[in-house]
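Below is one structure, written out as structure tokens; comments come after it.
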Amino acid sequence: MNRLYKYSLPAAVGALGIFTLTSPALAQDAAKATMTMDAKYVFNTLLFLIGGFLVMWMAAGFAMLEAGLVRSKNVSMQCTKNISLFAIAGLMFWITGYNLMYEGVDGGFMGSFGPKAIPDPAKDAGDYSASSDWFFQMVFCATTASIVSGTLAERIKIWPFLIFTALLTGFIYPIQGSWEWGTGWLDKMGFSDFAGSTLVHSAGGWAALAGALILGARIGKYGKDGRVHPMPGSSMPLATLGTFILWLGWFGFNGASQLAMGTISDAASVSKIFVNTNMAAAAGVMVAITLTQVLYKKIDITMALNGALAGLVSITAEPLMPSVVQAIFIGGIGGAIVVFVVPLLDKLKIDDVVGAIPVHLVAGIWGTMIVPWSNSDASFGVQAIGVAAIGAFVFFSSSIIWLALKATIGIRPTAEEERLGLDAVEIGIEAYPEFSKGGSPV
Amino acid sequence: MNRLYKYSLPAAVGALGIFTLTSPALAQDAAKATMTMDAKYVFNTLLFLIGGFLVMWMAAGFAMLEAGLVRSKNVSMQCTKNISLFAIAGLMFWITGYNLMYEGVDGGFMGSFGPKAIPDPAKDAGDYSASSDWFFQMVFCATTASIVSGTLAERIKIWPFLIFTALLTGFIYPIQGSWEWGTGWLDKMGFSDFAGSTLVHSAGGWAALAGALILGARIGKYGKDGRVHPMPGSSMPLATLGTFILWLGWFGFNGASQLAMGTISDAASVSKIFVNTNMAAAAGVMVAITLTQVLYKKIDITMALNGALAGLVSITAEPLMPSVVQAIFIGGIGGAIVVFVVPLLDKLKIDDVVGAIPVHLVAGIWGTMIVPWSNSDASFGVQAIGVAAIGAFVFFSSSIIWLALKATIGIRPTAEEERLGLDAVEIGIEAYPEFSKGGSPV
Amino acid sequence: MNRLYKYSLPAAVGALGIFTLTSPALAQDAAKATMTMDAKYVFNTLLFLIGGFLVMWMAAGFAMLEAGLVRSKNVSMQCTKNISLFAIAGLMFWITGYNLMYEGVDGGFMGSFGPKAIPDPAKDAGDYSASSDWFFQMVFCATTASIVSGTLAERIKIWPFLIFTALLTGFIYPIQGSWEWGTGWLDKMGFSDFAGSTLVHSAGGWAALAGALILGARIGKYGKDGRVHPMPGSSMPLATLGTFILWLGWFGFNGASQLAMGTISDAASVSKIFVNTNMAAAAGVMVAITLTQVLYKKIDITMALNGALAGLVSITAEPLMPSVVQAIFIGGIGGAIVVFVVPLLDKLKIDDVVGAIPVHLVAGIWGTMIVPWSNSDASFGVQAIGVAAIGAFVFFSSSIIWLALKATIGIRPTAEEERLGLDAVEIGIEAYPEFSKGGSPV
Amino acid sequence: MKYIIAIIKPHRLDEVRSALSDAGIEGITVTEVKGHGRQKGHSEIYRGAEYQVNFLPKTKIEVAVDSALADKAVSAIKEAACTDKIGDGKIFVLALESATRIRTGETGKDAV
Amino acid sequence: MKYIIAIIKPHRLDEVRSALSDAGIEGITVTEVKGHGRQKGHSEIYRGAEYQVNFLPKTKIEVAVDSALADKAVSAIKEAACTDKIGDGKIFVLALESATRIRTGETGKDAV
Amino acid sequence: MKYIIAIIKPHRLDEVRSALSDAGIEGITVTEVKGHGRQKGHSEIYRGAEYQVNFLPKTKIEVAVDSALADKAVSAIKEAACTDKIGDGKIFVLALESATRIRTGETGKDAV
Ligand SMILES: Nc1ncnc2c1ncn2[C@@H]1O[C@H](COP(=O)(O)OP(=O)(O)O)[C@@H](O)[C@H]1O
Ligand SMILES: Nc1ncnc2c1ncn2[C@@H]1O[C@H](COP(=O)(O)OP(=O)(O)O)[C@@H](O)[C@H]1O
Ligand SMILES: Nc1ncnc2c1ncn2[C@@H]1O[C@H](COP(=O)(O)OP(=O)(O)O)[C@@H](O)[C@H]1O
């Protein structure tokens, strides 16, 4: 489904009818005109704005989740990265992103260059406000960047990370996004990704994976004997808060991806999406806590949190069509993915600090591939092509950028700096500076 | 007031009129048709969705409030319980809850069994989306479960707690809820509980009280000499954050309980509810800080936070009819309840870790009983019957479940485990694991 | 622009037309009638409610930001101040504030005395619900009070602070607010402050500055040798969370200050405001991190957070008219202001704990003065008059209150108490009490 | 004079403090520590990987006393800290050469 | 050699460190501790129940010095830490048998 | 008996604990401390003002051992803690007069 919403003609004609009723026959037509165009415009715009601020809030969710899952000595860094990347995404998605993604793609591989024109409100006509649409699409772009930040935590220098973010949000994300939501070649082919399991979550996951491979694991994470040395995060309540924020924001993420709310069926669709989104998350939690209880005799709270998110990512490719039972199943598998992929990555010595790869990349693929189960317009073959094409493009282009950064300004602090913690090295202040400060004059 | 909103007939007829205006006479009728049915549908649905996500967010509020008010060694546990209970509530309220509460109650004592049908959006007609209604009602159910979690903190094993949660959200809550909001016998009798002082808050409080009595106090809370040993919580800023989240969510809780927003008077009602809700919370804070200053020569921040919540619970039974002065009075008494009932429970050796019993149970009763002051349709007698009936049912059924759990799988960890903290015993990781971890390889 | 929204006459006439279409000529008129009055009413009211709860949420943002930027020993105090001031603002803005600000100002210097009448919903007619308007205006008033709290942290006694808050929210804020938004003399003169760079942010900043000067710096902040002794805050993640909350809330702050959403152009305006608001914040972050990197060779996270807020304050005076490039520039200068004014204040030995003076006062002035750049209705001269008049009034009246409080009940704890921390002295419990508690029986 | 260092279980601190107080000893300094001994910690799971929590939370108390009071102090601590379970801790006694009260400059016996 | 342990008020740490530095002593180890002495804590209220905060935050410093420097170190600490108010703390001196610098293996005087 | 106090870099704790364990020493108490020595901290920027972080995070370990084991313990710690970089820390040995196991009341050699 592309993401440039167009009203269907009949509705528009009907709506028009309301102002021209001159004969009984036309009056019949008018009966279809169940809402004025203005009201529709406002409802659609409002959906973008509400959805937009909910997804914007997810930036805070990622910040808290990551702050909770890194060690104290890197928490200020993680917070700085998260607020900066949201700023960069906003700027870059305006400078090049939006138009690359949505302007004149027309079955092709990218749109046009140049900043998005934000219209004068007096001329911002159509079915919704173009500004509201920009805002809504922008926060999706920012989400992609947030995903990368968590995987690479605790061992990447800030400026190379921010440069990567600028390229990801200004170019990589919008180009692959144009293929589907910009009505590019994948959309023409029939690929289906309702709210971005692949376009947002897997894309972010691929960029993160490329970075993790090139950057390497944190010092000491994998012992010479092959043993994994867990490095527990600093604060489980912050990680929990972050997860709840993300869960909340996801109602905007999936719900507002309906892109319209000005008809009964659109409003009902948004509502059904809320239900399915919640069910998938709930199932993700339940599977994760049950599996960790069975496997490890204890519930792993970080898996429960990741389970919720994986459930959410899984349902994102198609939150509208599944029945509740399907949504529960789709989300539940997401929870299982987390429980099995997290240790698998450790076996492969891929160090993913917050579990973004299982949650966003793997569950994103799962969610995309299962779309045909509930949506008969989608086919497994085309879904696989989309997953592969976007995966290859994002992984490849990200790798080039990471390698270029590594070869030039360098992406990794020295071992001594990493041991000391990035807060002390690159950020003016540690996250909880009181103990280490020592020489307090008072 | 029951909670199955029905549009009044005249409005519907009027609305219909708009499309059939063929004579001046009918045109006059049409003047009443101030909004199209579609717009009304969308507005009502939107109210459920916005209210729903705000109340969903309250789950995070409870999580943070409780994380802040338990000791560090039980914080991961408390976070795990809160995210799991929200997941369980979502599943159970779909499997049995909704239909038990709303399907075919008809003056009786419960509805029907079986999962709630989530309609195809194309057929989700009526005055609002059935899916949005389910979502909105579900988050209320989850709130009830959240209340229990805080009281029993620091000394209950997780799985019995989660099993209780499943039974509470799948059966106990919906059955008593059906009596009033499902148009059951209490509704027929004239009981009035606008947004759930009794149905949600007291119900949760009764379930918590039953648990607290059966579970017993935390080790060391009450000395042999009868002295109370306070066990200060781990983080006042998290508790404050939780309270602000709940305050915010309450605008959805009370405001969207108007159940409609598609007319001037409904929108104005929602607005008045916002005002009264805020006023009651504000008064709760002011009374709590003033009283603790006078009684103890210091402001007790935990009482200030509880005071806000007690103010909110108090106004929940009737947030629409009171004048501002009445709302301030109702909320202010809520604040006073907290200040006096918290130490009273300690005298009775009932160990309520976060103050859920004064806030939700006692202030919930107060709020329900004061409804007739501002709402002349309500009578003290009927209110008392409702409070007593629901109290008896929830307390009794909860007690049976707690006793059954105690007799079978056991509900309490060993004294040694309780001393060590539940995070170490049942959850993979402590909340702030860095200090205790020790053997960090880096 | 005044803040008592009135529909323009033509639209109203047109809207009326829809129900009286009897001739083709009238039908033409009716074509203008693009939305029913009821729908407009609901949309406008909804904008106030959504904007209102988002701005309410900013109270939590200030609480977390300040909790993160004060030292542990004053965190409970800061939380208590923030929840109490929000309660007081709600009460005072009803008792005297609203009417002083909006009732019968008519070109003058203040409105009338007496509590705001909250109408019966059945009579709450007009273009929006009066209750929703009160709620929306109230949360702005509370924001002003929040600003003061941060600057004076760690060295002010709680009750004098709360008394000041009551006078600020009940009198000072509404009186100066009436000059512009209540259609007072400044509005007549052509002063322009869309969402309150001056009326809310600078006003709060002036009150804070007066307090900071009269209260003096924290003990030990400025050494005898003129050296500045930084006192790092307790928790960077909480400060980050607070900033994200504020950023989110600002969409309500600026967006809903459009005051209407019931037409295409209003909805489009709200959308454009979202875009500009986000751009200004993003630019504030980028400038702050770049400048601190260049100046200090490290990114100062607290400057990044303050930079976001300064960007937001800067765009608040005129978030609608600027182009995106202008918004970026306006916000970016805000970020620069923070980086330069924070150390400047230290040179002047003005101790502003959280940076509220640079963020709210200085960036507020900047934002107000730059309005004419994008809004040709505004003139630099009149903007300067507004800034000066409000500055003088708020600074002067605040100073008198602070001095009176100092002379009577005293505003500052003893040096010994300040060293021990205000949590131990005035609040029942420290923020993180576990370590200091010591004699835990368990 | 003697410098007594005792490692105890955190939840016995209150009892130990009162026992010392009953024995006429008011001065005491307390530190949160981690200990490893016969009681060896436990294994935890974090994100699918097991790891050893080698150290358990303990409380260290330090008391400087006049030699005459040392035995009394040791037995007071011993009795108050004992729960008869593994991990109860240990008491170490070192010789203390001199003690000074900062406020008054008093030294020796008067200072402890 | 001597092993000096001092309990001081937290806000005097900076002064004590400079005073030691002026006395030629750079090596110092600092711990956050809680203390109970003549200054006895205060009572707090939590949710309507009063309780005793028996311990106040103090800072412990440890300095190993050559015996020749011990007196100088003690008086440097005493002067820098003194505020003439109750709770100023104490300085304890123990005999130190041996010291080793881990990096170089140096021992004795050279190691402290 | 000896009372060994060592200040080490935090990330060497695990190695030191195993080395001691290999040397037959199980009892050990660990504290998070801050240290200042030749390695002097660094300057930080907070809100435009520079300040000195005078202290670096270190870990203090305390081990009471029978005199016969003291040298072995010291060299085990030395080897395991050494990274050859500044700030590696020091090992101090004090005489221990007596030791008591709280649980059993055992004293002396048996108690350490
Ligand atoms: N030799 C020692 N040196 C220093 N601390 C010790 C020593 N032995 C034990 N401890 C401390 O005492 C605590 C309790 O010791 P443990 O051997 O577990 O119990 P128990 O004494 O009951 O057998 C340990 O956790 C450690 O902190
Ligand atoms: N005998 C002691 N043994 C260990 N620590 C002590 C002893 N006496 C005092 N202290 C420590 O010194 C601190 C200050 O002692 P206190 O008696 O309050 O003050 P002052 O020495 O000024 O009378 C105490 O809080 C405690 O930490
Ligand atoms: N004389 C001393 N007394 C107490 N602690 C010391 C002493 N000298 C060093 N330390 C501790 O050892 C740590 C490392 O010492 P430092 O001089 O920085 O390294 P190195 O021994 O490698 O030269 C210090 O941070 C401090 O905690």
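Residue numbers (this note's numbering), protein chains in the order written: chain A, 1 to 442; chain B, 1001 to 1442; chain C, 2001 to 2442; chain D, 3001 to 3112; chain E, 4001 to 4112; chain F, 5001 to 5112. Beta carbons are placed, not taken as given, at the ideal position from N, Cα and C, and that holds for glycine. Fair warning: this is a prediction, and the values are worked out from it, not measured in the lab.
### Query
Taking C-beta to C-beta, are K5090(F) and A4073(E) nearer than 8 Å?
Using a Cβ distance threshold of 8 Å, K5090(F) and A4073(E) do not count as a contacting pair.
### Task
Starting from the N-terminal side, write out each stretch of the alpha helix (DSSP H) that is 4 residues or longer and does not extend beyond the stretch 330-399 of chain A.
List check, alpha helix (DSSP H) in window: 363-369 and 371-374.
### Query
Helix or strand or just coil, what does DSSP make of E1103(B)?
For E1103(B), the three-state secondary structure derived from DSSP is coil.
#### Entry: Beta-carbon spacing of T2256(C), F2048(C) below 8 Å
Going by the sequence as given, residue 2256(C) is Ala instead of Thr. Contact: yes.
### Task
Assign K1081(B) to one of three DSSP states: helix, strand, or coil.
For K1081(B), the secondary structure class from DSSP, reduced to helix, strand or coil, is helix.
### Message
Counting only C-beta atoms, is H4036(E) closer than 8 Å to chain D at any point?
### Response
Proximity of H4036(E) to chain D, defined by a Cβ-Cβ separation below 8 Å, is satisfied.
### Task
Given a cut-off of 8 Å, decide if E4044(E) and I1962(C) are closer than it, judged by their beta-carbon atoms.
Outside the displayed span of chain C (2001 to 2442) sits residue 1962(C), for which this structure offers no information.
#### Entry: Contact between the stretch 340-347 of chain A and the stretch 142-152 of chain A (3+ Cβ pairs under 8 Å)
Touching, no.
### Message
What would DSSP say about T2045(C), mapped onto helix, strand or coil?
### Response
DSSP places T2045(C) in helix when its eight states are reduced to three.
### Task
Can you give me the Cβ contacts of G3035(D) inside the same chain, cut-off strictly under 7 Å, excluding the 5 residues immediately before and after it?
Closer than 7 Å at the Cβ level, and outside the excluded window around G3035(D), lie I3007, F3055, L3056 and K3058.
### Local Cβ density within 10 Å of E2416(C), reported as buried at 16 or more and exposed below that
Classification of E2416(C): exposed, given that the 10 Å Cβ count is below 16.
### Query
Within 8 Å (strictly less), CB to CB, does I4045(E) reach chain C?
True, the Cβ-Cβ gap to chain C drops below 8 Å.
### Query
How many Å lie between G1014(B) and K2123(C) at the Cα?
Note on G1014(B): pLDDT 35, under 50, position unreliable in the model; no value is reported.
### Message
Out of M2092(C), G2226(C), A2260(C) and A2283(C), which one is the CA nearest neighbour of M2037(C)?
### Response
Per the C-alpha coordinates, the member of M2092(C), G2226(C), A2260(C) and A2283(C) positioned closest to M2037(C) is A2260(C).
### Task
For ligand 3, enumerate in chain order all residues having a CB closer than 6 Å to any of its heavy atoms.
Close to ligand 3, as judged by a C-beta nearer than 6 Å to any of its heavy atoms, are the residues G4027(E), I4028(E), T4029(E), E4062(E), V4063(E), A4064(E), R4101(E), R4103(E), V4112(E), I5007(F), G5035(F), H5036(F), G5037(F), R5038(F), Q5039(F), L5056(F), K5058(F), I5086(F), G5087(F), D5088(F), G5089(F) and K5090(F), in chain order.
### Message
For Q4052(E), list the residues DSSP reports as bridge partners.
### Response
DSSP lists S4043(E) as the beta-bridge partner residues of Q4052(E).
### Cβ-based burial, E318(A) [other Cβ within 10 Å; buried from 16]
By the 16-neighbour rule on beta-carbons within 10 angstroms, E318(A) is buried.
### Task
For I2088(C), collect the residues of the same chain with a Cβ closer than 8 Å to its Cβ; drop the 5 residues on either side in sequence, then sort them by chain order.
Within the same chain, Cβ atoms closer than 8 Å to the Cβ of I2088(C) are found at A2145, L2162, T2165, A2166 and T2169, the five residues on either side in sequence being excluded.
#### Entry: Same chain, Cβ closer than 8 Å to P2433(C), neighbours up to 5 away in sequence not counted
No residues qualify anywhere along the chain.
### Residue span of the alpha helix (DSSP H) that contains V4112(E), given as start and end
Counting along the chain, V4112(E) falls outside any alpha helix (DSSP H), and DSSP gives it neither H nor E.
### Task
Could you confirm whether any beta carbon from chain E is found closer than 8 Å to the beta carbon of I2429(C)?
True, the Cβ-Cβ gap to chain E drops below 8 Å.
### Message
Which residue wins for smallest C-alpha separation from V1354(B), given the options I1172(B), G1205(B) and V1042(B)?
### Response
Each of I1172(B), G1205(B) and V1042(B) was checked against the Cα of V1354(B), and the nearest Cα belongs to G1205(B).
#### Entry: Residues that Y5003(F) bridges to, as DSSP identifies them
For Y5003(F), which the question treats as bridged, DSSP gives the partners A5064(F) and L5094(F).
### Query
Got a sec? Which residues, its chain only, sit under 8 Å from L348(A) by beta carbon, not counting five neighbours each side?
Within the same chain, L348(A) has no close Cβ partners at all.
### Contact the stretch 2322-2329 of chain C vs the stretch 2123-2138 of chain C: 3+ CB pairs below 8 Å
Touching, no.
### Query
Should D5110(F) go down as buried or exposed, given a rule of 16 or more other Cβ atoms within 10 Å for buried?
It is exposed - the Cβ of D5110(F) has fewer than 16 other Cβ atoms within 10 Å.
### Task
Starting from the C-beta of S84(A), find all residues in its chain whose C-beta is less than 7 Å away, skip the five residues before and the five after it, and write them out in chain order.
Cβ contact annotation for S84(A) (same chain, cutoff 7 Å, sequence separation greater than five): L162, in chain order.
### Query
If you measure from the beta carbon of L5069(F) to each beta carbon in chain E, is any gap under 8 Å?
Not closer than 8 Å to any Cβ of chain E, the Cβ of L5069(F) fails to qualify, so no.
### Pairwise C-alpha distance: G1114(B) and G1097(B)
Going by the C-alpha atoms only, they are around 8 Å apart.
### Query
Relative to the alpha-carbon of I1330(B), which residue among L1422(B), L1312(B) and F1340(B) has its alpha-carbon at the smallest distance?
Here the closest residue by C-alpha is L1312(B).
### V4065(E) at chain D interface by Cβ criterion, 8 Å
Answer no: the Cβ-Cβ gap between V4065(E) and chain D never drops below 8 Å.
### Message
Does Y7(A) come out as helix, strand or coil in the three-state DSSP assignment?
### Response
Note that Y7(A) has pLDDT 41, beneath the 50 cutoff, so the model's placement of it is unreliable and no number is given.
#### Entry: In chain order, each alpha helix (DSSP H) run of at least 4 residues that lies wholly inside the stretch 2137-2169 of chain C
Within the stretch 2137-2169 of chain C, the complete alpha helix (DSSP H) runs of at least 4 residues are 2158-2167.
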